[in-house]
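S.K.:
Numbering (the numbering used here), first residue to last: 8 to 421.
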């Protein structure tokens, strides 16, 4: 027995795993609130691990909590194929973002088992820890650590909004793995993901072939001021860190509108302050912003405006500003040969497809710095995402799952 050109995944079986996931860590009606390394994340990890073991995979967990389910090939000396995404969600998350990609990898394995097909190369299904960054910042931290972007000790020392330490929470939920968080040789990485945008749904496309990502630049900045009474303190003597952070966020939002005509976007994502109480000025604040645009040169120009606005906002409020962290991703990062192979499968199977760019961050961005990488997008209703009303149907995944299966098998049998 083997995979034939007519082999298809079991869509009902895949959907049953989506429904089982939707029961763990429920948030607002219809959605999920499964934050990284919380109890619900542990329960979902346990379920995913049991599914992997039932499918005959050898499961390994690394020091960042990444879970790897490995299916042996006929030549295990060859570098493996990885298929992955994430099982954590935003605080008001949906049932499909990231989750569909991990469970798609599992369905590929199950379909191979059904067909009795053993690929030449091993295949590994991966759940990456903390893709969302909803509890521990930055996002995509474990896949970044895997490819050498972040040091594991630094990752373990991250502190969440609730005061919890990343490494302690890994230990608490039983996922502080013994394997080093370090990528070996990898032949290729595939990631299926809902589009998280309205294009495929609006055009009634069944699948998107991801050709690249919008170049993104972001930063996390801190502001240092001075506490003082809100009543008698004159305006010219105030050093209000909260106001400085707020000015920066509104300035960055304005940058987005300045470039919106050509699909530029700027996000004022987060602002925290201390003591953040009535009657007293805040002496510390921290804010996070990012900019993105389909043109990399324009993205750089937007990022420079964001940087200047940071120090101007701080000075206007008599405060000091420090850039604590910066990041960039996106661009022409995906492997052209893999993209062509995915497109060929879409054409061969007669699906309604289009080329598309990713506008959000994904673990695939970090993997692309280490090995050939490609993504497949599936439609989601009205592009709604990071929201409890995020919605897909089983048919939303019909094309993406089957293209993934055949693209992976063709690559793994090389």
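Note that beta-carbon positions come from the ideal geometry of N, C-alpha and C, so glycine has one too.
CB-CB under 6 Å to residue 399, same chain, minus the five flanking residues each way: which ones, in chain order?
M.R.: For residue 399, where only same-chain residues beyond five positions count, the Cβ hits under 6 Å are 103 and 387.
S.K.: Let's test the definition: count the other Cβ atoms within 10 Å of the Cβ of residue 96 and tell me whether it reaches 16, buried, or not, exposed.
M.R.: Residue 96 comes out buried.
S.K.: Just to confirm, are residue 84 and residue 51 a CB contact at a threshold of 9 Å?
M.R.: Contact flag unset, no.
S.K.: Hey, is the region 377 to 394 in contact with the region 195 to 204, meaning 3+ C-beta pairs nearer than 8 Å?
M.R.: Result yes; three or more Cβ-Cβ pairs closer than 8 Å.
S.K.: Using DSSP's beta-bridge definition, name the partner residues of residue 72.
M.R.: BP columns for residue 72 are empty, so no partner.
S.K.: Between the region 31 to 41 and the region 148 to 163, are three or more C-beta pairs nearer than 8 Å?
M.R.: No contact exists between the region 31 to 41 and the region 148 to 163.
S.K.: Can you tell me which of the three DSSP states residue 193 falls into?
M.R.: The answer is coil: DSSP assigns residue 193 none of H, G, I, E or B.
S.K.: Can you give me the Cβ contacts of residue 335 inside the same chain, cut-off strictly under 6 Å, excluding the 5 residues immediately before and after it?
M.R.: Result list for residue 335: 224, in chain order.
S.K.: Using the rule of at least 16 other Cβ atoms within 10 Å of the residue's Cβ for burial, across every protein chain shown, is residue 212 buried or exposed?
M.R.: Under this definition residue 212 is a buried residue.
S.K.: For residue 332, tell me which candidate among 14, 87 and 229 has the shortest Cα-Cα distance.
M.R.: The shortest Cα separation from residue 332 among 14, 87 and 229 belongs to 229.
S.K.: Please return the same chain residues whose Cβ sits closer than 7 Å to the Cβ of residue 368, not counting the five positions on each side in sequence.
M.R.: Once the five neighbours on either side are set aside, the close Cβ partners of residue 368 are 146, 147, 223 and 336.
S.K.: Tell me the rounded alpha-carbon separation between residue 26 and residue 53.
M.R.: Distance between the alpha carbons of residue 26 and residue 53: 16 Å.
S.K.: DSSP state of residue 222, grouped into three classes?
M.R.: Strand, per DSSP.
S.K.: In three-state DSSP terms, what is residue 131?
M.R.: Residue 131 falls in the strand class under three-state DSSP.
S.K.: Is it true that the region 291 to 300 meets the region 244 to 259, where meeting means three or more beta-carbon pairs spaced less than 8 Å apart?
M.R.: A contact exists between the region 291 to 300 and the region 244 to 259.
S.K.: Using the rule of at least 16 other Cβ atoms within 10 Å of the residue's Cβ for burial, across every protein chain shown, is residue 91 buried or exposed?
M.R.: So residue 91 counts as buried.
S.K.: When you compare the CB positions of residue 127 and residue 420, do they come within less than 9 Å of one another, or not?
M.R.: Yes, the Cβ-Cβ distance between residue 127 and residue 420 is below 9 Å.
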